[in-house]
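Data first, discussion second: the structure below is written as structure tokens.
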């Protein structure tokens with residue numbers, strides 16, 4: 072069981088997409104926001120607008136991982152979108168405790184790839200080749216487990 076006196080570290084996580092658990096170096100962009108609607112009735116005694124919640128916006132999620140030989144999952148998935156088949160998948164992102172058990176789970180709905188970025192290449196670099204995929208989604212639910 073995680074120590075509740077300290078916040079959870081963000082470096083221990085897993086990503087499951089399409090039934091496959093994959094390793095990533097970074098996950099970012101899990102954000103939801105509401106548009107704000109401003110409205111004022113003509114006979115309002117206040118000379119200011121009233122603010123109301125509008126439609127929900129979902130940010131694109133960015134996943135980064137190392138490039139491996141014979142792993143072309145992102146290209147295959149991207150090509151389904153490029154050919155107008157739009158294969159939507161659900162993705163589960165889990166923040167793990169020290170025993171590798173999920174403690175916070177984000178269940179992301181109806182995802183598809185909107186951007187696929189290959190690694191940069193440098194002859195004098197001493198770092199891992201990283202590919203980046205950006206995924207559009209229809210929102211997510213957050214579940215806190217104990």
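Residue numbers (the numbering used here): 72 to 217.
The beta carbon of each residue, even a glycine, is placed where N, CA and C say it ideally should be.
Problem - Residues near residue 78 in its chain [Cβ-Cβ closer than 6 Å; skip 5 each side] - result: Contacts found: none.
Handout entry: Contiguous alpha helix (DSSP H) assignments of at least 4 residues, all confined to the stretch 101-181
Key = Those alpha helix (DSSP H) runs which fall completely within the stretch 101-181 and span 4+ residues are 144-153.
Problem - From 141, 154, 182 and 145, residue whose alpha carbon lies closest to that of residue 161 - result: The candidate whose alpha carbon is nearest that of residue 161 is 182.
Exercise for the section: Look at the alpha carbon of residue 131 and the alpha carbon of residue 154, and state the distance between them as a whole number of angstroms. Expected result: Whole-angstrom Cα-Cα distance: 21 Å.
Handout entry: Among 148, 178 and 121, the one whose alpha carbon lies nearest that of residue 214
Key = It is 178 whose Cα lies nearest to the Cα of residue 214.
Handout entry: Inter-residue CB distance, residue 129 and residue 210 (contact presumed, cutoff 8 Å)
Key = So it is a contact: roughly 5 Å between Cβ atoms.
Problem - Backbone secondary structure at residue 198 - three-state DSSP - result: In this structure, residue 198 counts as coil in the three-state DSSP scheme.
Handout entry: Start-to-end residues for the beta strand (DSSP E) that takes in residue 85
Key = For residue 85, the enclosing beta strand (DSSP E) starts and ends at 84-88.
Exercise for the section: Count the other CB atoms, across all protein chains shown, that sit within 10 Å of the CB of residue 192; report buried if there are 16 or more and exposed otherwise. Expected result: Flag for residue 192 reads exposed.
Practice task
Please confirm whether residue 85 and residue 133 have their CB atoms less than 9 Å apart.
Solution key: Taking a C-beta distance under 9 Å as the contact criterion, residue 85 and residue 133 do not qualify as a contact pair.
Exercise for the section: Have a look at the DSSP bridge pairing and note the partners of residue 204. Expected result: DSSP output for residue 204 lists 134 and 187 as bridge partner(s).
Problem - Where the beta strand (DSSP E) through residue 91 begins and ends - result: Going by DSSP, residue 91 is part of the beta strand (DSSP E) stretching over 91-93.
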